[in-house]
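Below is one structure, written out as structure tokens; comments come after it.
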Amino acid sequence: MAPKVLISDKLSDAAVQIFKDRGIDVTFDPSIGKDKDKLLEVIGQYDGLAIRSATKVTEKIIAAADNLKVIGRAGIGVDNVDIPEASKKGIIVMNTPFGNSITTAEHAVAMMFAVARQIPEANASTHAGKWEKSRFMGVELTGKTLGVIGAGNIGAIVCSRALGLKMKVVAYDPFLSEERATQIGVTKVELDELLARADFITLHVPFTEKTANILSAENLAKTKKGVRIINCARGGLVDEAALAELIKSGHVAGAAFDVFKEEPATENPLFNLENVVVTPHLGAATTEAQENVALQVAEQMADYLLTGAVINALNMPSVTAEEARVMGPWLKLAEHLGSFVGQLTEDAIETIEITYNGVVKDMNLKALNCGAIAGVMKATNPDVNMVSAPIIAKERGIELSTVTQDKSGVFDGYIRLNVKSASKERSIAGTVFSDGKPRFIQIKGINIDAEIGEHMLYTTNEDVPGIIGTLGRTMGEMNVNIANFTLGRASKGHQAIAMLYLDEQPPAAAVNALKATGLFQQVRPLRFSTH
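Counted from 1, the sequence shown has number 291 at position 288 by this note's numbering; the numbering is strictly sequential.
What follows is the structure, given as structure tokens:
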């Protein structure tokens, strides 16, 4: 029997035809995406569900999807899909991470032109029958300095376009190597230098804990007088109220925003200010982009349903069913090792070396590599997946190498990650015990046996008495329960580490209290995906 696919949002006729041409029984009914009761009623009939943003694939929908094997999102955002629930039920969730890149980059450049020449206001004035030629005095882009915050896929395209306009480009991106910066023709700088030098600033980073409010009131105050700011990335990256005040004061000459902290944005501090250009989240709204992502998701879903090939999956590696059974716990370990390093590294990563020892050396190392790299990259880019991670790492000039070794030591096998950044080198190793659970077994050359949980606290200190008591007492005073506690030291009186497995994320007050003791060189809350 042919696989059945439901398309519950608007996709192009060409995408529908791809399914038909490959022998898949397809139902195209965009009205279902807006009718959750109807979707709940029919979803059990289908092997695949192709969507955009209108369809909400909730826990309830997934529970009723008895035959569903794959959900394909035409676009990058999957906020409308309950991925943990889909994963629990064995449903693959795919997206099309690169289909909108050029379109979004071009919109950012268009917005830069619009705010530089006050085009929207001049257009409205002229339509109103006025002829205010002297009112709309703009600035040239040629020779100006563009500050790009985030030089990933979209940011790099913007850099290329800006260089073509004869602009000078400086970029701030903790994961941008000097080699990659040279390759794309930009100068790598720290954020404060970018703020001080840029005539235009454009943002191209995802919204994460590290990037939230990256242009805060404090950072906006550091900008060059007369700067113009463009945001076509994500809402919440800029303090919109503080920016509005700086525009009113004349410090900021203008802004162009396609995204907002609250959407739909029916009111905002930036609205109705002079020389502020606003659009309703149009970054991906071109005929070409919509067509590209629709065709891509149709091809990806058809490939999986007919051949088992997995492309751009957010919750599954590109491995065969046989491999997945054996290497699943090792893949999770690789992700945890990468995540540990990613959460601790704040500057540009230059090299990643992965050592596979013993039984693991004969597994699908390509998939394990992808898992480790994705773990590293997710700390700053939660949208990254196992397919896109190696591409992003390559774009940023990160060198990957692997080493395989026959069994040595007490473990049947282990994985070691050595990551070199611009300022330091980190090393961590782990294994999988007979219970199928990953463990950290060595950090910085110090042997440990740390069970991995969702919420953890990592500390480093000199080996002195009182550390255990201080950690336990502080967590107790903050009402945070310790599920497991692991210590290790290089040698008596030298450097020591601790890994606390906690029931919940420790509050900032707990972290600050530990730092205030002066006993710890490092206190870092960590989170790991244990689904």
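Idealized CB from N, CA, C, for every residue including glycine.
* May I ask which residues mark the beginning and end of the alpha helix (DSSP H) holding E124? => 122 to 130
* To do: Find the nearest neighbour of D409 within the set S128, F488, E349, D365, judged by alpha-carbon distance.
  => D365
* **Backbone secondary structure at E402 - three-state DSSP** => strand
* Asked: Quick one: complete alpha helix (DSSP H) runs, 4+ long, within the stretch 213 to 248?
  -> 220 to 223
* Identity of the residue in R492, L179, A125, T106 nearest R164 by Cα -> T106
* To do: Would you please state the rounded distance, in angstroms, between the beta carbons of L198 and T226? I believe it to be under 8 Å.
  => 5 Å
* To do: Output the boundary residues of the alpha helix (DSSP H) element that contains L206.
  => No alpha helix (DSSP H) contains L206, which is instead part of the beta strand (DSSP E) from 203 to 206.
* To do: Rounded to whole angstroms, what's the CA-CA distance from Y461 to V19? Just pull it up for me.
  => 50 Å
* To do: Could you pull out every residue in the same chain whose Cβ sits closer than 6 Å to the Cβ of Y504, ignoring the five residues on either side in sequence?
  => E454, G456, M459, A486, N487
* Name the DSSP bridge partner or partners of P100? -> DSSP lists no partner for P100.
* Nearest candidate by alpha-carbon position, reference K63, set A89, M330, K427, G167 -> A89
* Asked: Going along the chain, which unbroken runs of the beta strand (DSSP E) with 3 or more residues stay wholly within the stretch 332 to 373?
  -> 352 to 361
* **the stretch 469 to 480 touching the stretch 436 to 451, judged by at least three CB pairs closer than 8 Å** => no
* Please determine, among A201, P87, Q524, the residue with the shortest C-alpha to C-alpha distance to I470. => Q524
* Determine the contact status of P6 and L298, defining contact as a CB-CB distance below 7 Å. => no
* Using beta-carbon positions only, say whether G36 and A57 come within less than 7 Å of one another. => yes
* **Inter-residue spacing [alpha-carbon to alpha-carbon] between I54 and T310** => 21 Å
* Asked: Can you check whether the CB of I152 is closer than 7 Å to the CB of V192?
  -> no
* Look at the alpha carbon of L168 and the alpha carbon of L43, and state the distance between them as a whole number of angstroms. => 51 Å
* Asked: Thinking just about the alpha-carbon of each residue, which of V280, M502, A519 is nearest to the one in L529?
  -> M502
* Asked: Does the Cβ of M566 have 16 or more other Cβ atoms within 10 Å, making it buried, or fewer, making it exposed?
  -> With the chain covering only 4 through 534, there is no way to say anything about residue 566.
* Closest residue to R399 among I86, I187, V300 (Cα-Cα distance) -> I187
* To do: Could you pull the start and end residues of the alpha helix (DSSP H) that S430 belongs to?
  => Here S430 belongs to no alpha helix (DSSP H); instead the beta strand (DSSP E) covers 428 to 435.
* Could you spell out the range, first to last residue, of the beta strand (DSSP E) harbouring R76? => 73 to 76
* Simplified DSSP state of H580, which is helix, strand or coil -> Outside the modelled stretch of the chain, which goes from 4 to 534, sits residue 580, for which no answer is possible.
* Counting along the chain, where does the alpha helix (DSSP H) carrying Q538 start and finish? -> The shown model of the chain, from 4 to 534, leaves out residue 538, and the question about it has no answer.
* Alpha carbon to alpha carbon, how far is W333 from A174? -> 36 Å
* To do: State the DSSP-derived secondary structure class of P6, mapped to helix, strand or coil.
  => coil
* Asked: Among the residues of its own chain, which have a CB less than 8 Å from the CB of V60, if the five just before and after it don't count?
  -> L52, I54, I74, N83, V84, D85, A89
* To do: Please say whether N222 and F260 have beta carbons closer to each other than 7 Å?
  => no
* Residue closest to M97, alpha-carbon to alpha-carbon, out of M304, A432, R429 -> M304
* Asked: Hey, out of P509, A67, E338, whose CA is closest to V526's CA?
  -> P509
* Identify every residue that forms a DSSP beta bridge with L529. => M459
* Can the beta-carbon of S404 be found less than 7 Å from the beta-carbon of E356? -> yes
* To do: Using the DSSP secondary-structure output, state which residues sit across from A501 in a beta bridge.
  => T462, L490
* Asked: If you measure from the beta carbon of K136 to each beta carbon in chain C, is any gap under 7 Å?
  -> Absence of chain C from the displayed structure is noted, only one protein chain being present.
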